[in-house]
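This report concerns only the one structure given below.
Spelled out as structure tokens, the structure:
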């Protein structure tokens, strides 16, 4: 059986908030995300500067690789 591709969704309510969290879950996320930003060590949050332009240049990032994640596949959080 083929696994579906990565899934991305907000992990915070849609109410006004100081911080929003986006969670991405899927296979081999580390390989996909490495060209976009410098990933922290597994299960350690780190402040990173994203590439490109936008409102916030910095974000807290967290990578929980499989099989040691809640879902059993890679989980990436962007705060």
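Residue numbers (the numbering used here): 1090 to 1168. The beta-carbon is built from N, C-alpha and C at its ideal position, and this holds for glycine as well.
- Excluding the 5 residues flanking it on each side, residue 1094 has same chain C-beta neighbours closer than 7 angstroms at 1115, in chain order.
- Collapsing the DSSP output to three states places residue 1115 in a strand.
- For the 8 angstroms CB-CB criterion, residue 1135 and residue 1129 form a contact.
- Taken through DSSP and simplified to helix, strand or coil, residue 1122 comes out as helix.
- Looking only at 1133, 1106, 1119, 1097, the smallest Cα-Cα distance to residue 1149 is reached by 1133.
- Looking only at 1158, 1111, 1103, the smallest Cα-Cα distance to residue 1097 is reached by 1111.
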